[in-house]
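Report on the following structure.
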RNA sequence: GGGCCCGUAGCUCAGCCUGGAUAGAGCGGUGGCCUUCUAAGCCACAGGUCCCGGGUUCAAAUCCCGGCGGGCCCGCCA
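Numbering (this note's numbering), first residue to last: 20 to 671.
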C-alpha cells in the first residue's frame, strides 16, 4: 500500500534513467531530466525526450541514443525494478511500460485500503503551513449572486485541496460592514421604520438596498438636471435625462416587487431635506462606534449573514471565522498601521489627503520584476485618508491583512481580478512596513467575473441572478429527472438525490473552468446534466456503485494479470495518478484540474462499462480484478468530487 | 494614454507555467446501440489558418518581440 502509486513508478523510471545515462556517458551532466506523460496510449505509461537534448551534446542521432538508453535500462530492470517492465526506444523517445498487473495491484489496493484518504498526498512535515483562505466576503446588503457563487465555490475547493495536502487551513469571511453601501441600506431601513424581515433576510434587505439606492439616484439626478437646465448646458441635460430614464425603469421594476415598501421609501427620501448628510452621519457614527448606529448596522448585517449562511450551508461550504471590518476600525490597528506607514516615508500629503506612494516602494525594494511589472510602469498612488480625516477601504485592508498573518503564514485572498491593483497596493503597503515576508506570502487568487449575456448584473438596481434562485432551479430540474433513471425511490431519497445533483451541477459549472477566464452564464449550460457536468460524473459513480451492489460479493481472488484491455490500463493509470493530480492541483491552486480529471476518469469508465462485463466476466479471477478496479474507480470519483465539495450519491 | 487578463472546431471549453511523436472533450449536426452490471450512457462520422506577423529552437498552440480583437483596472467608491 502506498500513498502515491504513480509517483513510485515515476521515481523508478527516473532513477533507472539517470543511472543508465551515467553508465553510458559518464561525463554527461544533465539537469532537469524528467519523465512525462506521453501524448498517446501506445507511447507507454511514461516517456522521456532526453535523447533530443543528448543528441547535440554527443553528436549522435536521438534514435541511436534512445536505443542504447532503452537497452541499458532494460538490462537494469530485472534486478532493480518493482513496477517497471520494459523500456522501449521509439522515434528518439524512450517510452516506459509498467508491469500492469503490479501497478494495478498496487494502485487498486492502495485506493481500497486508504478509502476516503486516497489522493490526500501530504507534504513533508517541514512544508506544512498555516494557511488562511479568505473567500466569498459578499457585502451584507443583498443576496449572493452567481459571481459570489464562483468565489465561494473556488475558495472552498482551495481550502479542501490544501487540507488534503496536509496544510492547516482556516477559511475566513470578511464582513464589509463599514462604509457607504451599508449606510445607505441602514438609512433606507430606518426610514421604513425598521420592519421585521419577510422571507429570506438577505433577499429582503437586498430589495430595500436597491430601492433606497434607486430613490437616492433619482433624487440626485433630478437635482442635477435642474442645475444643468439653469446652466443652459443642453448636452449635459440630455445625458442626465437619459440616466434618469434608466433609473426610472429600475424604479418601475423594483416597485412591482413590493409596491407598499417602495412607495413608503420613495416618499421618505423625497421628504428628507438632506439624505446624503443622514447617510454620512451613519458612516461617521458607526466608525465612532456610537450605540444607536451599532445597533442599526449590526442588526442588518447579522440578518444578511444569516441568509448567507443558509445559502452556504446548502452549498456545503462552511466558514471557520467571520471577521468584521468594523472590528479592525474600532481597534487601534488602523491608526497604528497608518502611523507606521507615515513613518516609513512612503506617504505624502496632497490637498489635505494622505497618499501612499506605491511606486516608490516598488522601486526602493526592486520589486517590479517579481511583481511582473515593467520598470517603466508607474504604479498609481493610493489615497489612504480623505482630507476630512476618514479612512478608505485599502488602509483597513492592510490592517486586516496584518491581523490575518497573526494566525497564518500564508494568506490567500479569493477576490475578483478587477481588484488586482487594490491587492497590489496592499502588498506594497506591507513591503513599505518592512513586512517583506508577509508581502510575499500574500496571494491574490484572482478569478474572473461571471457575465450574463444581454442583461448586466447590478446589485444597486436589484438586478441579478441570485445564487438561491439558481440552486432552486437546478435542484428542481434534477428532481424531475431522478425518477426517469431510478424509479421506485422514496420521496425522501428522491429529494435528497435531487439536492446533491442540482447543487453539484451548479458548483461544477463554476469550478470547472480556468479561474482566469470569465464565465458566460447561461441556464442552458448550468442545467446541462450531460457530459462535462457534475451529474455526468455523479452518474458514473452511481453506476460503479450499482455494479458493486449487484455483484453482492467481495473481490476475493482478483488476478490482476488478467487486466490487459486498453480501457483497463487507462483506468489503472488514472487511479494510480490521482494522488499526483491532487498534489499538483493543490500546489498550483487549480481546482479546475480536479474537475477535468473527474471528467476524464468518468469518460474512460463509461467506455469500459459499455464494452467489458464485470460481474459475469470469466474466469472468476478476472471478474474479481474488474470488481476491485470498479471499486477503486468509485473511491477516486468520490474523493475527487469531495475535493470540489460535491457529493456523490450511490444511486441517481 | 498606461497596466493586467483572455483569443484553440459553428458554440462552450481542456492543453500553454515545465516546448516534443497525427491538437483533445462537450454542446449542436449526421448515422447507429436498451431481452446483458442505471441510455444523465456508449460507438461511428463530419467539423481546426491553435487571432495575425516576426524571432528563438533539431522541434512552437506552448517561450520571446510586435500587432489586432475582446474584457477588466487606473476615484478623497468598495
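For glycine and all other residues, C-beta sits at the position ideal for the given N, C-alpha and C.
Pairwise C-alpha distance: residue j and residue i
i: residue 483; j: residue 436; result: 20 Å
i: residue 602; j: residue 139; result: 8 Å
i: residue 80; j: residue 70; result: 8 Å
i: residue 374; j: residue 414; result: 11 Å
i: residue 136; j: residue 262; result: 57 Å
i: residue 675; j: residue 104; result: Nothing can be reported for residue 675: it is not among the residues displayed for the chain, which extend from 20 to 671.
i: residue 425; j: residue 390; result: 24 Å
i: residue 453; j: residue 185; result: 30 Å
i: residue 688; j: residue 487; result: Residue 688 lies beyond the stretch modelled for the chain, which goes from 20 to 671, so this question has no answer here.
i: residue 397; j: residue 409; result: 27 Å
i: residue 302; j: residue 330; result: 28 Å
i: residue 211; j: residue 661; result: 45 Å
i: residue 174; j: residue 154; result: 5 Å
i: residue 468; j: residue 537; result: 5 Å
i: residue 243; j: residue 444; result: 34 Å
i: residue 109; j: residue 378; result: 54 Å
i: residue 269; j: residue 233; result: 7 Å
i: residue 159; j: residue 147; result: 34 Å
i: residue 460; j: residue 599; result: 24 Å
i: residue 562; j: residue 669; result: 8 Å
i: residue 314; j: residue 249; result: 43 Å
i: residue 416; j: residue 372; result: 18 Å
i: residue 32; j: residue 572; result: 37 Å
i: residue 519; j: residue 508; result: 15 Å
i: residue 472; j: residue 548; result: 21 Å
i: residue 714; j: residue 64; result: An answer regarding residue 714 cannot be provided, because it is not within the stretch 20 to 671 covered by the chain.
For residue i, the three-state DSSP class (helix, strand or coil)
i: residue 50; result: coil
i: residue 442; result: helix
i: residue 34; result: helix
i: residue 628; result: helix
i: residue 77; result: helix
i: residue 196; result: coil
i: residue 338; result: coil
i: residue 219; result: coil
i: residue 266; result: helix
i: residue 633; result: coil
i: residue 164; result: strand
i: residue 573; result: coil
i: residue 107; result: strand
i: residue 288; result: helix
i: residue 114; result: strand
i: residue 470; result: strand
i: residue 404; result: strand
i: residue 477; result: strand
Cβ shell of residue i (< 6 Å), same chain only, five flanking positions each side left out
i: residue 517; result: 494, 497, 498, 501
i: residue 597; result: 138, 655
i: residue 28; result: 102, 117
i: residue 228; result: 160, 161, 204
i: residue 168; result: 486, 529
Identified DSSP bridge partners for residue i
i: residue 619; result: None; residue 619 has no bridge partner.
i: residue 187; result: 149
i: residue 357; result: Its beta-bridge partners do not exist; DSSP assigns none.
i: residue 371; result: DSSP, once it has assigned bridges, lists no residue as partnering residue 371.
i: residue 462; result: 431
i: residue 343; result: 194
8 Å CB neighbourhood of residue i in its chain, flanking five on each side removed
i: residue 544; result: 528
i: residue 675; result: An answer regarding residue 675 cannot be provided, because it is not within the stretch 20 to 671 covered by the chain.
i: residue 151; result: 188, 189, 190, 191, 423, 426, 427, 429, 430, 431
i: residue 199; result: 298, 302
i: residue 66; result: 54, 55, 56, 57, 112, 113, 114, 115
Supposed contact pair residue j and residue i - C-beta distance, whole angstroms, cut 8 Å
i: residue 85; j: residue 111; result: 5 Å
i: residue 131; j: residue 651; result: 6 Å
i: residue 321; j: residue 197; result: About 15 Å; that fails the 8 Å criterion.
i: residue 450; j: residue 380; result: 5 Å
i: residue 21; j: residue 129; result: 5 Å
i: residue 120; j: residue 580; result: 4 Å
i: residue 522; j: residue 235; result: At roughly 37 Å, the Cβ-Cβ gap does not stay under 8 Å, so residue 522 and residue 235 are not in contact.
Close-in-space but distant-in-sequence residues of the same chain around residue i (CB under 7 Å, 5 per side omitted)
i: residue 24; result: 122, 125, 126, 129, 595
i: residue 193; result: 153, 156, 342, 344, 419
i: residue 367; result: 374, 376
i: residue 558; result: 671
Near the ligand COA: residue i beta-carbon under 7 Å from a heavy atom
i: residue 168; result: For the ligand COA, the structure offers nothing, since it holds no ligand at all.
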